[in-house]
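Written below as structure tokens is the structure these notes are about.
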Amino acid sequence: MKGPRIRLPSLRRALIRLHSDLLKIHWAILPHHAQYPQRLSQFERLVLVLEDRRFFDHVGIDWRRLIREAFKAMTFRKHGGASTIDMQLVRTATGYRNRNIYRKSYEILLSYMIQFRYSKLEILRSYLSIAYFGTGIKGCEEASMEMFGKRSSELEVHEAAQVAAMLVFPKPRTPSAEWEKKHLRRSNYIEFVYWKCENRFNKIEGRIFS
Numbered sequence: 093m094k095g096p097r098i099r100l101p102s103l104r105r106a107l108i109r110l111h112s113d114l115l116k117i118h119w120a121i122l123p124h125h126a127q128y129p130q131r132l133s134q135f136e137r138l139v140l141v142l143e144d145r146r147f148f149d150h151v152g153i154d155w156r157r158l159i160r161e162a163f164k165a166m167t168f169r170k171h172g173g174a175s176t177i178d179m180q181l182v183r184t185a186t187g188y189r190n191r192n193i194y195r196k197s198y199e200i201l202l203s204y205m206i207q208f209r210y211s212k213l214e215i216l217r218s219y220l221s222i223a224y225f226g227t228g229i230k231g232c233e234e235a236s237m238e239m240f241g242k243r244s245s246e247l248e249v250h251e252a253a254q255v256a257a258m259l260v261f262p263k264p265r266t267p268s269a270e271w272e273k274k275h276l277r278r279s280n281y282i283e284f285v286y287w288k289c290e291n292r293f294n295k296i297e298g299r300i301f302s
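Each residue of the sequence shown is one higher than the one before, counting from 93 in our numbering.
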């Protein structure tokens, strides 16, 4: 008895999908093309501490982190996500969120391809402009105004940590005491780690933006 046949996408359909998704990413990045200071804000630094500390050292895929988390998963140990900020931009811009190996492989491909057209700052800032921070809150500027009534570039470190923590614990329409507790714990952790990494970010800025 023959098993079910696996249908693979045709080359033409795959290329159309690839072009369409690259266009979606382009339109997400375009508003942020060469508009910003060539320095990281405190908020951007804190997001990198939270999401992708090797962001400026990889080409869209942090293979070291990916292999480490895959090994933890295979050995049934507690593991986190291995998605880079580049991969999260791809996922958010395309809306392609299926949890399977094909989706992850395709996400890796797109994350690698965009390195040849856009700068790391454009990728980082574009992701932050469309990321989900809570109910009715899209992008870091809306999140910053919601929490503190100021732009993300104007946030103090402890304020930036609270906004960054919303990437992990998005703000619900009616925040509960449990959400407040989790959110505060995560923001305190981000701020603590940030001060330990501050010199590293100073060196990165000296290397990347000099």
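The beta carbon of each residue, even a glycine, is placed where N, CA and C say it ideally should be.
Please read all numbers here as calculations on a predicted model, not as lab measurements.
* Assumed close pair serine 236, leucine 247 - CB separation to whole angstroms, cut-off 8 angstroms -> Between the beta-carbon of serine 236 and that of leucine 247 there is about 6 angstroms, and that keeps the pair under the 8 angstroms contact cut.
* C-alpha distance - arginine 137 paired with alanine 106, whole-angstrom precision -> Looking at the backbone, the Cα of arginine 137 and that of alanine 106 are separated by about 36 angstroms.
* Please specify which runs of the beta strand (DSSP E), each continuous and at least 3 residues long, are wholly inside the stretch 224-286, giving them in chain order. => Runs of beta strand (DSSP E) with 3 or more residues, each lying fully within the stretch 224-286, are found at 224-226, listed in chain order.
* Asked: Are any of the Cβ atoms in chain B nearer than 8 angstroms to that of methionine 237?
  -> No chain B is part of this structure, which consists of one protein chain only.
* Unbroken alpha helix (DSSP H) run spanning arginine 104, endpoints -> It spans 103-121 - the alpha helix (DSSP H) in which arginine 104 sits, taken as one unbroken run.
* Measure how close the beta-carbons of arginine 134 and alanine 252 come, nearest whole angstrom, since I'm counting them as under 8 angstroms. => In the sequence on display, residue 134 carries glutamine and not arginine. The Cβ separation is near 5 angstroms, so the contact holds.
* Asked: How about lysine 263 and glycine 226: are their beta carbons less than 8 angstroms apart?
  -> Yes. Within cutoff.
* To do: Taking the CB atoms as reference points, tell me whether phenylalanine 148 and isoleucine 296 lie closer together than 8 angstroms.
  => yes
* To do: Return the residue from the list Ala120, Thr176, Arg145, Thr167 that minimises the CA-CA distance to leucine 158.
  => Thr176
* **asparagine 190 in three-state terms, based on DSSP** => When DSSP states are grouped into helix, strand and coil, asparagine 190 belongs to the coil group.
* Range covered by the alpha helix (DSSP H) that runs through tyrosine 219 -> 212-222
* Three-state class that DSSP yields for leucine 142 in the structure shown -> Per DSSP, reduced to three states, the secondary structure at leucine 142 is helical.
* Out of Tyr198, Ser197, Leu276, His118, which has the shortest C-alpha to C-alpha gap to methionine 258? -> Relative to the Cα of methionine 258, the nearest Cα in the group Tyr198, Ser197, Leu276, His118 belongs to Leu276.
* Any idea if isoleucine 153 is buried or exposed, counting beta-carbon neighbours within 10 angstroms, 16 or more meaning buried? -> Looking at its Cβ environment, which holds 16 or more other Cβ atoms inside 10 Å, isoleucine 153 is buried.
* To do: For isoleucine 108, count neighbouring Cβ atoms within 10 angstroms of its own Cβ and tell me buried if that reaches 16, exposed if not.
  => exposed
* Assumed close pair aspartate 113, leucine 202 - CB separation to whole angstroms, cut-off 8 angstroms -> 6 angstroms
* To do: Write down the C-beta distance between arginine 189 and arginine 183 rounded to the nearest angstrom, noting that I regard them as a contact closer than 8 angstroms.
  => 6 angstroms
* Asked: How long is the line joining the alpha carbons of lysine 164 and glycine 298, rounded to whole angstroms?
  -> 34 angstroms
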